[in-house]
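Accompanying notes for the structure given below.
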Amino acid sequence: AAEAGPAIDSHTVLYGVIGDPIRHSKSPVMLSRAFRETGVNAVYLAFHVTAERLAAFAEGARAMGMGGFNVTIPHKTAIMAHLDEIDPTAEAAGAVNTVVRREDKLIGYNTDGIGYVRSLKEEAGAELSGRRIVVLGAGGAARGILHALALEKPAHIAVVNRTAARAEALAQALPADVPKAALGPDDLREACADADIVINTTSAGMSPNTDELPLGIDASWMKPGAVASDIVYNPMRTRFLEEAERAGCRTHGGLGMFIYQGAYAFEYWTGQAAPVAAMRETVIRALG
Ligand code: ATR
Numbered sequence: 006a007a008e009a010g011p012a013i014d015s016h017t018v019l020y021g022v023i024g025d026p027i028r029h030s031k032s033p034v035m036l037s038r039a040f041r042e043t044g045v046n047a048v049y050l051a052f053h054v055t056a057e058r059l060a061a062f063a064e065g066a067r068a069m070g071m072g073g074f075n076v077t078i079p080h081k082t083a084i085m086a087h088l089d090e091i092d093p094t095a096e097a098a099g100a101v102n103t104v105v106r107r108e109d110k111l112i113g114y115n116t117d118g119i120g121y122v123r124s125l126k127e128e129a130g131a132e133l134s135g136r137r138i139v140v141l142g143a144g145g146a147a148r149g150i151l152h153a154l155a156l157e158k159p160a161h162i163a164v165v166n167r168t169a170a171r172a173e174a175l176a177q178a179l180p181a182d183v184p185k186a187a188l189g190p191d192d193l194r195e196a197c198a199d200a201d202i203v204i205n206t207t208s209a210g211m212s213p214n215t216d217e218l219p220l221g222i223d224a225s226w227m228k229p230g231a232v233a234s235d236i237v238y239n240p241m242r243t244r245f246l247e248e249a250e251r252a253g254c255r256t257h258g259g260l261g262m263f264i265y266q267g268a269y270a271f272e273y274w275t276g277q278a279a280p281v282a283a284m285r286e287t288v289i290r291a292l293g
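The opening residue of the sequence shown carries number 6 in UniProt numbering; numbering runs sequentially from there.
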């Protein structure tokens with residue numbers, strides 16, 4: 006049953022993902038599996054859309070009555086100008102990764118940050134309320150994650166970045182009721198010592214630079230039992246996570262963020278609960 010979904014007919018709804026490049030994307034196998042698994046009459050394809058064609062794509066999506074689409078690099082910010090409404094989560098993140106069509110309107114959402122947080126809770130069993138969180142990096146990925154973390158009522162969030170001004174900008178943008186600090190790499194050791202969760206949002210450690218540790222972090226600075234989380238999923242277990250595990254920390258890999266951002270997109274499109282386990286199985290198989 007998992008392999009046979011509804012046959013394509015004149016009611017089949019089109020979804021997809023746009024990016025440049027796009028042929029590496031695991032979204033089509035993951036979302037196609039989700040549609041099959043739930044019996045939703047839909048197909049999901051990868052579209053190679055260049056920056057010059059972004060406006061034309063949005064108009065085409067309206068014209069064809071696509072159900073919606075995901076947006077990946079490099080279009081997550083540029084797509085916003087071509088949508089009719091932007092959800093507050095996407096406004097806060099400054100980026101859209103999921104578009105839902107309602108009637109003639111295209112509405113932009115961001116499921117990366119909330120997908121990451123749901124993954125952290127469901128896969129790592131992490132409690133966020135009242136906890137002290139350290140976020141490494143202050144780029145686009147950090148921005149969305151920080152806003153989603155802030156909604157969970159943490160006791161404190163420290164943003165640590167190589168470039169101080171970017172850490173300050175992101176810390177400033179957090180809601181006023183969240184205790185926060187912007188720190189540099191020199192303060193990382195002290196911040197780790199009483200952190201419950203340390204999250205790498207930088208690209209340090211990503212293949213082929215698998216020897217890199219984000220901001221030179223030493224996992225032994227962390228408390229045993231604290232959660233080490235990495236949004237890098239290539240490799241699935243980064244050096245940071247390997248060393249954190251040896252230091253007695255709980256670990257959480259980056260694949261979950263990818264799976265759950267897709268799960269939220271599926272749920273926004275269909276109104277049904279996403280078949281997360283099947284989606285994960287498909288992605289892991291596709292990554293080989
Ligand atoms: P993304 O959208 O993936 O977050 P980005 O906006 O370019 O990409 O941000 C990358 C983040 O990773 C930044 O915080 C960057 O630090 P700087 O602001 O100082 O540039 C950080 N980063 C990237 N490579 C890094 C490395 N090797 N060591 C430490 N930080 C790194």
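Ideal Cβ placement from N, Cα and C applies to all residues, glycine included. On a predicted model such as this, the values are computed, not experimentally measured, just so you know.
Own chain partners of residue i with C-beta closer than 6 Å, once the 5 adjacent residues on each side are dropped
i: Val45; result: Thr275
i: Ala170; result: none
i: Tyr265; result: Gly120, Arg123, Ser124
Contacts around residue i, its chain only, beta-carbon distance under 7 Å, and the 5 residues preceding and following it disregarded
i: Gly72; result: Val18, Leu19, Tyr20, Ala47, Arg106, Trp274
i: Lys81; result: Ala100, Val101, Asn102
i: Arg38; result: Ala283, Met284, Thr287
i: Met211; result: Val237, Asn239
i: Ala270; result: Asn75, Thr103, Thr116
i: Gly10; result: Phe40, Arg41, Gly44
i: Ala12; result: none
i: Pro180; result: Ala155
i: Asp89; result: Lys110, Leu111, Ile112
i: His87; result: Leu59, Ala60, Ala63
i: Glu272; result: Ala278, Ala279
Whole-number beta carbon distance between residue j and residue i, since they are thought to touch under 8 Å
i: Gly149; j: Ala98; result: 4 Å
i: Thr207; j: Pro219; result: 5 Å
i: Ala252; j: Pro229; result: 7 Å
i: Ala59; j: Ala95; result: In the sequence as presented, Ala is not what sits at residue 59; that position holds Leu. Leu59 to Ala95, Cβ: 16 Å. No contact.
i: Glu128; j: His257; result: 6 Å
Classification of residue i by the beta-carbon crowding that lies within 10 angstroms, buried from 16 upward
i: Gly259; result: buried
i: Gly293; result: exposed
i: Met241; result: exposed
i: Ala249; result: buried
i: Thr168; result: exposed
i: Lys110; result: exposed
i: Ile23; result: buried
i: Gln277; result: exposed
i: Pro280; result: buried
i: Ala6; result: For Ala6, the predicted model reports a pLDDT of 47, less than 50, meaning its position is unreliable; a value from the coordinates is still stated below. With fewer than 16 Cβ atoms within 10 Å of its Cβ, Ala6 is classed as exposed.
i: Ile289; result: exposed
i: Met69; result: exposed
i: Gly120; result: buried
i: His16; result: exposed
i: Ala131; result: buried
i: Pro213; result: exposed
Helix, strand or coil at residue i according to DSSP, with G and I counted as helix
i: Ile202; result: strand
i: His53; result: strand
i: Leu193; result: helix
i: Asp235; result: strand
i: Val101; result: coil
i: Glu64; result: helix
i: Arg285; result: helix
i: Lys126; result: helix
i: Arg148; result: helix
i: Gly293; result: coil
i: Gly10; result: coil
i: Leu218; result: coil
i: Ala83; result: helix
i: Thr77; result: coil
i: Val183; result: coil
Contact under 7 Å by Cβ, residue i with residue j
i: Ala224; j: Glu217; result: no
i: His152; j: Gly118; result: yes
i: Phe62; j: Val104; result: no
i: Val183; j: Ile162; result: yes
i: Val165; j: Leu125; result: no
i: Met262; j: Met35; result: no
i: Leu246; j: Ala233; result: yes
i: Ala291; j: Lys31; result: yes
i: Asn205; j: Leu141; result: yes
i: Ala160; j: Arg123; result: no
i: Ala143; j: Ala172; result: yes
i: Ala176; j: Lys185; result: yes
i: Asp14; j: Thr55; result: no
i: Ile78; j: Ala51; result: no
Contact with chain C by residue i, beta-carbon distance below 7 Å
i: His29; result: The structure shown contains no chain C, having only a single protein chain.
Close beta carbons around residue i, own chain, < 8 Å, minus the five adjacent residues each side
i: residue 300; result: Because the chain here runs from 6 to 293, residue 300 falls outside it and cannot be looked at.
i: Trp226; result: Leu193, Arg194, Cys197, Ala198
i: Ser134; result: Glu157, Lys158, Pro159
i: Arg67; result: Arg106, Asp109, Leu111
i: Met85; result: Ile91, Ala95, Ala100, Val101, Gly113
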